[in-house]
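**Student:** Following my numbering, the residues of the sequence shown are numbered contiguously, the last one being 398.
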Amino acid sequence: MQIIYTQAAKLGGSGIGSIAYQFIRAIAQSGSLKKAIVAYSGDHDLPDRQVQSFPWMRVVARLARDNHPVRDSIFDWAASRYIGECDIFHGWSHQCLYSLRRARQQGAITCLERPNSHDNNAQRLVQEEYDRWGFREHTAVRPLGLRRGLAEYAIADHFIVPSVFVHDSFLAEGVDQSRLHLVPYGVDIEHFIPPNATPPRDRFILLFVGQVNLRKGVPYLLQAWDQLNLPKAELWMAGRVSPDAREFVTDYLNHKSIRFLGHTHDTRSLYQQASAFVLPSIEEGSALVTYEAMATALPIIYTYNTGAIARPNMEGLQVPIREVDALAAAIERLYTDAELCRSLGQSGRKRVESYTWRHAGAKLLAAYRTILQRHGRIDSGEIPQPAPPLHQ
Numbered sequence: 007m008q009i010i011y012t013q014a015a016k017l018g019g020s021g022i023g024s025i026a027y028q029f030i031r032a033i034a035q036s037g038s039l040k041k042a043i044v045a046y047s048g049d050h051d052l053p054d055r056q057v058q059s060f061p062w063m064r065v066v067a068r069l070a071r072d073n074h075p076v077r078d079s080i081f082d083w084a085a086s087r088y089i090g091e092c093d094i095f096h097g098w099s100h101q102c103l104y105s106l107r108r109a110r111q112q113g114a115i116t117c118l119e120r121p122n123s124h125d126n127n128a129q130r131l132v133q134e135e136y137d138r139w140g141f142r143e144h145t146a147v148r149p150l151g152l153r154r155g156l157a158e159y160a161i162a163d164h165f166i167v168p169s170v171f172v173h174d175s176f177l178a179e180g181v182d183q184s185r186l187h188l189v190p191y192g193v194d195i196e197h198f199i200p201p202n203a204t205p206p207r208d209r210f211i212l213l214f215v216g217q218v219n220l221r222k223g224v225p226y227l228l229q230a231w232d233q234l235n236l237p238k239a240e241l242w243m244a245g246r247v248s249p250d251a252r253e254f255v256t257d258y259l260n261h262k263s264i265r266f267l268g269h270t271h272d273t274r275s276l277y278q279q280a281s282a283f284v285l286p287s288i289e290e291g292s293a294l295v296t297y298e299a300m301a302t303a304l305p306i307i308y309t310y311n312t313g314a315i316a317r318p319n320m321e322g323l324q325v326p327i328r329e330v331d332a333l334a335a336a337i338e339r340l341y342t343d344a345e346l347c348r349s350l351g352q353s354g355r356k357r358v359e360s361y362t363w364r365h366a367g368a369k370l371l372a373a374y375r376t377i378l379q380r381h382g383r384i385d386s387g388e389i390p391q392p393a394p395p396l397h398q
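#1: For residue 316, does the three-state DSSP call read helix, strand or coil?
#2: Which residue comes first and which comes last in the beta strand (DSSP E) that contains residue 196?
#3: For a test of the three-state rule: what should DSSP assign to residue 309, helix, strand or coil?
#4: Can you find a C-beta in chain D that's less than 9 Å from the C-beta of residue 374?
#5: From 11, 27, 20, pick the residue whose C-alpha is nearest to that of residue 364; which is it?
#6: Taking residue 188 and residue 173 to be in contact with their CB atoms under 8 Å, please state how far apart those CB atoms are, rounded to whole angstroms.
#7: Secondary structure at residue 246, three-state DSSP: helix, strand or coil?
#8: Using the three-state DSSP reduction, which class does residue 26 fall into: helix, strand or coil?
#9: Kindly indicate the opening and closing residues of the alpha helix (DSSP H) around residue 288.
#10: From residue 353 to residue 326, what does the alpha carbon distance come to, in whole angstroms?
#11: At 3 residues or longer, and completely inside the segment 118–203: list those beta strand (DSSP E) runs for me, N to C.
#12: Does the segment 226–245 come close enough to the segment 198–218 that 3 or more CB-CB pairs lie under 8 Å?
#13: Shortest alpha-carbon distance to residue 82 belongs to which of 267, 13, 259?
#14: Going by DSSP, name the residue or residues bridged to residue 325.
#15: DSSP on residue 382, reduced to helix/strand/coil?
#16: Going by CA-CA distance only, name the one from 127, 338, 208 that's closest to residue 288.
#17: Using 9 Å as the threshold, is the C-beta distance between residue 383 and residue 357 below it?
#18: Helix, strand or coil for residue 281 per DSSP?
#19: Less than 9 Å between the C-beta atoms of residue 95 and residue 105, yes or no?
#20: Report the rounded CA-to-CA distance for residue 298 versus residue 269, giving the unit in angstroms.
#21: For residue 30, collect the residues of the same chain with a Cβ closer than 6 Å to its Cβ; drop the 5 residues on either side in sequence, then sort them by chain order.
#22: In whole angstroms, what is the alpha-carbon distance linking residue 223 and residue 349?
#23: On the DSSP bridge assignment, give the partners of residue 98 in chain order.
#24: Determine, using beta carbons only, whether residue 247 and residue 218 come nearer to each other than 9 Å.
#25: What's the gap between the Cα of residue 116 and the Cα of residue 102?
#26: Answer yes or no: do residue 234 and residue 119 have a C-beta to C-beta separation smaller than 9 Å?
#27: Specify, as a first and last residue, the run of the beta strand (DSSP E) that residue 43 falls within.
#28: Could you tell me how far apart the beta carbons of residue 21 and residue 168 are, in whole angstroms, since I believe they sit closer than 8 Å?
#29: For residue 193 versus residue 294, is the C-beta distance shorter than 9 Å?
#30: Nearest to residue 152 by CA position, among 176, 9, 18, 75, is which residue?
#31: Report yes if the C-beta distance between residue 369 and residue 190 is below 9 Å; otherwise report no.
#32: Roughly how many angstroms lie between the CA atoms of residue 17 and residue 366, to the nearest whole one?
#33: Return yes when the Cβ of residue 351 is within less than 9 Å of the Cβ of residue 305, no when it is not.
#34: Is it buried or exposed for residue 393, if we count other Cβ within 10 angstroms and need 16 for buried?
#35: Could you check the C-alpha separation between residue 296 and residue 347 for me, to the nearest Å?
#36: Would you tell me roughly how many angstroms separate the C-alpha atoms of residue 260 and residue 55, rounded to the nearest one?
The structure is reproduced here in structure tokens:
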């Protein structure tokens, strides 16, 4: 099979650029990659002839800043010019409307990667947060982005989704289950490892990693932590404070037990110093930080909406969204029970060993083969072997 894959981020960069790189690399190692079309490239080990990038997209990204719909539309227009014949075209949501149309003209089966819940669900959940906390600068999803996203849904033959939460959000919007393919993300278990020594028991550090914004449920976390007033405990917030949460966060900047660390590249060190991890997100796809925390043997407190691969009371404690008291109770439970922290953390590490990037690549290739069989393009055969995991 021949795959063309597009993604409007830096190949090998952080976040979605890293996810795309791992999947592209798996496709390439299987011998199925015809072309990877990306905004621009970082360090990678793919043959140059298989990668089409646009260095000028760096300038576009800087000028567009947070205006992702403009950035994505420009990338999509450029990428669509390089879409040739292939078996499967795979593009990312909000970034491939023109490319999807071009791929369909070329006779390809089209797959859309949706890294968050269905646009309608994401719009509703985040807009509710904006309304609740009085953030009025713009809507959760800009109209251009929402229109493009829904237009892509109408064209795509299949959807690649990373979690049950995302999968079920599409079912709720009436998308047929036969078009949905669950492919969770992965983690580098050689990089994210448990610390050599057990963290001291005379302190408790609860770690949050991600953008400090309303989508991540930050107000509920700060309220829960404040009401607990735990002795010898700290909440570490690692991530940039977004405009939508800035006003709310201001009241906690001088809190005696909350540390706002800003953005950091060395998240592994933070995980290894922490006692537990928390992510009370309102809307996600499948947050990479939950995989990373579990790989570091941290118990996690999470919502279903994070798309985490953890199971309630097995690798972590699941709490409802927007429930301050439930969140506070989960934090206090881990704070008072060191043995529970240890057992949940150990179980989490064991679970993510089946969610490496190698496993993720294998699941994507299996999904492609299922799609091709369903469309009568192939009969049967061995699934190509994906790449071994990279150190990131």
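All C-beta atoms in this analysis are idealised placements derived from N, C-alpha and C, irrespective of residue type, glycine included.
**Tutor:** Looking at the coordinates:
#1: In the three-state DSSP reduction, residue 316 falls in the coil class, being neither helix nor strand.
#2: Neither: residue 196 is in no beta strand (DSSP E) and is coded neither H nor E.
#3: DSSP places residue 309 in the coil class of the three-state scheme, outside both helix and strand.
#4: No chain D is present in this structure, which holds just one protein chain.
#5: Taking the Cα of residue 364 as reference, the smallest distance to any Cα among 11, 27, 20 is reached at 27.
#6: Contact between residue 188 and residue 173 holds: their C-beta atoms lie close to 6 Å from each other, under 8 Å.
#7: Coil at residue 246, not helix or strand.
#8: In the structure shown, the three-state DSSP call for residue 26 is helix.
#9: Careful: residue 288 lies outside any alpha helix (DSSP H) and carries neither H nor E.
#10: Cα to Cα, the separation comes out at about 22 Å.
#11: Listed in chain order, the complete beta strand (DSSP E) runs (minimum 3 residues) inside the segment 118–203 are 164–167, 186–188.
#12: Because the criterion of three Cβ pairs below 8 Å is met, the segment 198–218 and the segment 226–245 touch.
#13: It is 13.
#14: DSSP lists no partner for residue 325.
#15: Note: residue 382 maps to coil in three-state DSSP.
#16: Residue 127 is the option with its Cα nearest to residue 288.
#17: The Cβ atoms of residue 383 and residue 357 lie no closer than 9 Å to each other.
#18: Correct three-state label for residue 281: coil.
#19: Between residue 95 and residue 105, the gap from beta carbon to beta carbon is short of 9 Å.
#20: A straight line joining the alpha-carbon of residue 298 with that of residue 269 spans about 16 Å.
#21: Around residue 30: 11, 42.
#22: Linking residue 223 to residue 349 through their CA atoms gives a straight-line distance of about 26 Å.
#23: Residue 98 is bridged by DSSP to 119.
#24: A contact, by the Cβ cut-off of 9 Å.
#25: Answer to the nearest angstrom: the Cα atoms are 10 Å apart.
#26: Between residue 234 and residue 119, the C-beta spacing is not below 9 Å.
#27: Under the DSSP assignment, residue 43 falls in the beta strand (DSSP E) whose first and last residues are 39–47.
#28: That belief does not hold up - the Cβ atoms of residue 21 and residue 168 are roughly 13 Å apart, past 8 Å.
#29: Cβ atoms of residue 193 and residue 294: closer than 9 Å.
#30: Closest in alpha carbon position to residue 152, among 176, 9, 18, 75, is 75.
#31: Contact flag set, yes.
#32: C-alpha separation (whole angstroms): 17 Å.
#33: For residue 305 and residue 351, yes; Cβs fall inside 9 Å.
#34: Caution is warranted here: a pLDDT of 42 is assigned to residue 393, below 50, making its placement in the model unreliable, and the coordinate value is therefore given only provisionally. Around the beta carbon of residue 393, 16 or more other beta carbons lie within 10 angstroms, which makes this residue buried.
#35: In this structure, the CA atom of residue 296 is about 15 Å from the CA atom of residue 347.
#36: So the alpha carbons of these two residues sit roughly 53 Å apart.
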